[in-house]
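Student: If you count the sequence shown from 1, position 40 lands on 40 in our numbering, and the numbers rise without skipping.
Quick one: this structure, given as structure tokens, is what I'll be asking you about.
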Amino acid sequence: MRAGDVIRQHRFRVRMQPVSTASEAMLEPATTVAAVDLGSNSFHLVVARAVGGELHVVDRIKESVRLAAGLDEDRCLSQAASERALDCLARFGQRLQHLPRGRVRAVGTNTLRRAHGLDDFLERAEAALGHPIDIIYGAEEARLIYGGVVQDLGEDWPRRLVVDIGGGSTELIVGELAEPSAMESVSLGAVVHTCQHFPDGEITEPRWQAAVLAAQVALEPLARRYREAGWDVALGASGSVKAIRDVCVQAGWTEMVLTPDVLRKLAKAICQAGHVDKLDFGGLSADRRPIFVGGAAILTAVFESLDVAAMSVSDKALREGVLLDLLGRLAQNDVREASVAAAGRRFSVDTAHAERVAETAQRLLADASDWIEDTAASDLLRWAALLHEVGLVIAHKGYHRHGEYIVRNADLQGFSQTEQTVLAALLRLHHGKFGRSALAALPSTYQDTTERLAVLLRLAVLLHRGRSPHEQPPVHLIIDKSCLTLTFDDGWLERHPLTREDLARECERLKRVNYTLRVDG
1 MRAGDVIRQH
11 RFRVRMQPVS
21 TASEAMLEPA
31 TTVAAVDLGS
41 NSFHLVVARA
51 VGGELHVVDR
61 IKESVRLAAG
71 LDEDRCLSQA
81 ASERALDCLA
91 RFGQRLQHLP
101 RGRVRAVGTN
111 TLRRAHGLDD
121 FLERAEAALG
131 HPIDIIYGAE
141 EARLIYGGVV
151 QDLGEDWPRR
161 LVVDIGGGST
171 ELIVGELAEP
181 SAMESVSLGA
191 VVHTCQHFPD
201 GEITEPRWQA
211 AVLAAQVALE
221 PLARRYREAG
231 WDVALGASGS
241 VKAIRDVCVQ
251 AGWTEMVLTP
261 DVLRKLAKAI
271 CQAGHVDKLD
281 FGGLSADRRP
291 IFVGGAAILT
301 AVFESLDVAA
311 MSVSDKALRE
321 GVLLDLLGRL
331 AQNDVREASV
341 AAAGRRFSVD
351 TAHAERVAET
361 AQRLLADASD
371 WIEDTAASDL
381 LRWAALLHEV
391 GLVIAHKGYH
401 RHGEYIVRNA
411 DLQGFSQTEQ
421 TVLAALLRLH
431 HGKFGRSALA
441 ALPSTYQDTT
451 ERLAVLLRLA
461 VLLHRGRSPH
471 EQPPVHLIID
481 KSCLTLTFDD
491 GWLERHPLTR
501 EDLARECERL
511 KRVNYTLRVD
521 G
């Protein structure tokens with residue numbers, strides 16, 4: 001069944017769906033949160049309050065930054081694009097300065113995923129915003145978009161297709177009710193597609209057809225699978241689709257729903273205009289005009305490739321999904337927990353053993369609170385401990401390297417690129433030679449903390465080498481700069497000679513990377 005068989009004229013509500021009862025119970029009476037979407041075309045800020053089980057938007061700011069247009073051939077951000085972004089984030093930062101860390105989540109999408117040499121830019125961007133910035137994978141972006149778009153649909157039209165055309169990528173998701181079942185992020189964006197196919201602004205019918213065909217080629221690998229999945233309702237999201245809807249409504253071609261016939265009328269009008277600067281359509285804003293034609297070509301290709309009969313347009317997108325995900329984290333309902341548990345099951349991890357290692361690692365971290373002050377460190381250390389043996393599914397020899405590869409490349413829902421890279425580095429460093437090269441892929445601001453977490457994880461794993469299900473080592477940790485002293489209660493170490501020998505060897509390994517480990521037992 002296609003969307004046209006079910007939906008005719010549906011206007012999506014602006015008020016967001018109530019948060020779950022479990023989440024509401026964990027939140028303060030009025031919790032203010034904010035989401036920042038660093039898109040390839042525009043940056044968005046949304047501030048909302050969770051009150052009485054409902055999420056009310058209290059402020060929105062949108063600025064056109066055109067980040068994607070600032071990438072050169074080497075995928076480096078131009079100075080001009082960087083300054084536009086930093087100026088925008090400084091303004092956002094003023095609005096967010098009274099919100100504490102943990103109540104704001106900022107996410108970077110396609111352009112920041114693709115860009116090279118971002119260390120300096122991200123450091124300045126986080127300083128301007130006053131909050132961390134997570135660069136998220138395409139699959140994670142798709143998951144958050146889906147959650148934001150479908151949150152207030154209830155159980156109407158249970159099978160959903162969601163299409164989000166951004167400045168640098170297009171996300172396509174098919175799901176059943178609130179659960180996405182197929183998620184893809186395709187390198188098709190309104191900014192990039194316009195620059196590629198209409199570089200001088202001139203629009204001709206051959207150029208239009210070439211732009212649509214190029215988008216169809218990019219969609220071809222997933223088109224059949226999506227068509228066979230089917231859906232009850234097709235939903236468009238984000239600026240390009242909303243701009244197309246507004247133009248078509250203003251022109252009188254539709255009351256609200258986009259159809260292939262409506263898009264054909266739009267294509268004819270675009271080609272008749274002849275130039276990007278002459279796209280003087282009612283409902284089209286000045287900042288959207290320069291990239292409108294690329295977005296329209298991509299949406300046309302989506303309709304043709306996926307055989308979409310009708311599409312309604314949602315006012316929600318990635319940022320609303322980020323808000324709900326953030327509320328889940330605050331209410332101890334973090335999707336990352338479920339993602340780690342699912343990975344453990346998938347790779348046949350000895351969960352009971354991993355939990356014991358995680359508990360010891362957490363106790364060591366508690367003793368090292370002055371050594372590692374990052375508030376996110378506790379969760380990252382625990383998740384690494386829970387996953388430290390995933391590489392055994394391949395082989396015992398070099399299992400830490402296998403684990404690093406698995407975690408670096410797995411689809412771990414809820415994790416940013418940096419968080420996933422930290423986990424991969426911890427798995428690589430928890431066993432064997434301590435090679436600092438494993439930290440090279442991390443932003444410089446994360447390297448010291450990750451290295452110290454790796455030291456704690458190594459000790460926790462070593463202390464559980466005997467895999468006893470009945471005891472936790474009675475260990476305490478004292479740290480003075482790079483000198484670590486382990487002490488044990490009740491002569492425990494004397495009764496565990498293998499552990500004593502392992503610790504002696506670990507002293508030598510850590511000495512090579514300028515750590516001093518002392519053992520009192």
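Backbone N, C-alpha and C fix where the C-beta goes; we use that ideal spot for every residue, glycine too.
Quick caveat, the model's predicted, so the values are computed rather than measured.
#1: In terms of residue numbering, what span does the beta strand (DSSP E) encompassing Ser181 cover?
#2: What are the start and end residues of the beta strand (DSSP E) that includes Ile291?
#3: Considering only C-alpha positions, which residue in the set Arg91, Val65, Arg207, Gly294 is nearest to Val191?
#4: Whose C-beta lies closer than 7 Å to the C-beta of Leu122 among residues of the same chain, with five residues either side of it excluded?
#5: When we look at the beta-carbon of Ala310 and count the other beta-carbons within 10 Å, is it buried (16 or more) or exposed?
#6: Would you list the one or two residues that DSSP bridges to Ser64?
#7: Taking the continuous alpha helix (DSSP H) assigned at His193, which residues delimit it?
#8: Extract the residue ranges of the beta strand (DSSP E) inside the segment 132–186, only unbroken runs of 3 or more that lie entirely within it.
#9: With Gly201 and Ser314 assumed to form a contact (beta carbons below 8 Å), what rounded beta-carbon distance in angstroms separates them?
#10: Under DSSP, the beta strand (DSSP E) around His476 begins and ends at which residues?
#11: Helix, strand or coil for Arg105? Go by DSSP, reduced to three states.
#12: By DSSP, does Glu373 sit in helix, in strand, or in coil?
#13: With 16 as the cutoff for other CB atoms within 10 Å, does Ser305 come out buried or exposed?
#14: Would you check if the distance between the CB atom of Val186 and the CB atom of Ala218 is smaller than 9 Å?
#15: Which residues mark the beginning and the end of the alpha helix (DSSP H) in which Leu486 is found?
#16: Using only the alpha-carbon positions, how far apart do Ile135 and Thr109 sit?
#17: With DSSP as the reference, label Asp520 as helix, strand or coil.
#18: Nearest to Val212 by alpha carbon, out of Val162, Thr259, Asp370, Arg264?
#19: Starting from the C-beta of Leu222, find all residues in its chain whose C-beta is less than 6 Å away, skip the five residues before and the five after it, and write them out in chain order.
#20: In terms of residue numbering, what span does the beta strand (DSSP E) encompassing Val513 cover?
#21: Between which two residues does the beta strand (DSSP E) carrying Gly414 extend?
#22: Count the other C-beta atoms from every protein chain shown that fall within 10 angstroms of the C-beta of Cys483, then say buried if there are 16 or more, exposed otherwise.
#23: With the cut-off set at 9 Å, would you say Leu327 and Val33 are in Cβ contact?
#24: Using 10 angstroms around the beta-carbon of Glu404, count the other beta-carbons present and answer buried if the total reaches 16, otherwise exposed.
#25: Under the rule that 16 or more other beta-carbon atoms within 10 Å means buried, what is Ala366, buried or exposed?
#26: So, is His396 buried or exposed, given that buried needs 16 or more other C-beta atoms within 10 angstroms?
#27: Identify the continuous alpha helix (DSSP H) that holds Leu112 and give its terminal residues.
#28: Going straight from the alpha carbon of Val247 to that of Leu299, what length do you get?
#29: Considering only residues of the same chain and omitting the five flanking positions on each side of Val104, which have a CB-CB separation below 6 Å?
#30: So the beta strand (DSSP E) Gly93 belongs to, where does it begin and stop?
#31: Starting from Gly236, follow its DSSP beta bridges and name the residues at the other end.
#32: Assess, as a yes-or-no matter, whether the segment 164–175 is touched by the segment 35–43 under the definition of 3 or more beta carbon pairs within less than 8 Å.
#33: Tell me, to the nearest whole angstrom, how far the beta carbon of Leu387 is from that of Leu427; I am working on the premise that it is less than 8 Å.
#34: Is it true that the CB of Val58 sits closer than 9 Å to the CB of Ala48?
#35: Determine contact between the segment 250–260 and the segment 328–343, defined as no fewer than three beta-carbon pairs at a distance below 8 Å.
#36: Evaluate Leu463 with the Cβ neighbour count: other Cβ atoms within 10 Å of its Cβ, from every protein chain shown; 16 or more gives buried, anything less gives exposed.
Tutor: The short version:
#1: Element bounds for Ser181: 179–186.
#2: Taken as a continuous stretch (DSSP letters only), Ile291 belongs to no beta strand (DSSP E), as it is neither H nor E.
#3: Gly294
#4: Ile133, Pro443
#5: buried
#6: Ser42
#7: 190–197
#8: 133–135, 159–165, 170–176, 179–186
#9: With 8 Å as the limit, Gly201 and Ser314 do not qualify as a contact, their Cβ atoms being about 30 Å apart.
#10: 475–480
#11: strand
#12: coil
#13: Buried is the call here.
#14: yes
#15: Here Leu486 belongs to no alpha helix (DSSP H); instead the beta strand (DSSP E) covers 483–488.
#16: 6 Å
#17: strand
#18: Arg264
#19: Glu184
#20: Careful: Val513 lies outside any beta strand (DSSP E) and carries neither H nor E.
#21: Counting along the chain, Gly414 falls outside any beta strand (DSSP E), and DSSP gives it neither H nor E.
#22: Cys483 comes out exposed.
#23: yes
#24: buried
#25: By the neighbour-count criterion, in which a residue is buried when 16 or more other Cβ atoms sit within 10 angstroms of its Cβ, Ala366 is exposed.
#26: exposed
#27: Run containing Leu112: 110–114, per the alpha helix (DSSP H) assignment.
#28: 14 Å
#29: Ala34, Leu96, His131
#30: Not the beta strand (DSSP E): Gly93 falls in the alpha helix (DSSP H), residues 79–96.
#31: Val163, Val313
#32: yes
#33: 7 Å
#34: yes
#35: With the cut-off at 8 Å, the segment 250–260 and the segment 328–343 do not touch.
#36: By the 10 Å Cβ count, Leu463 comes out buried.
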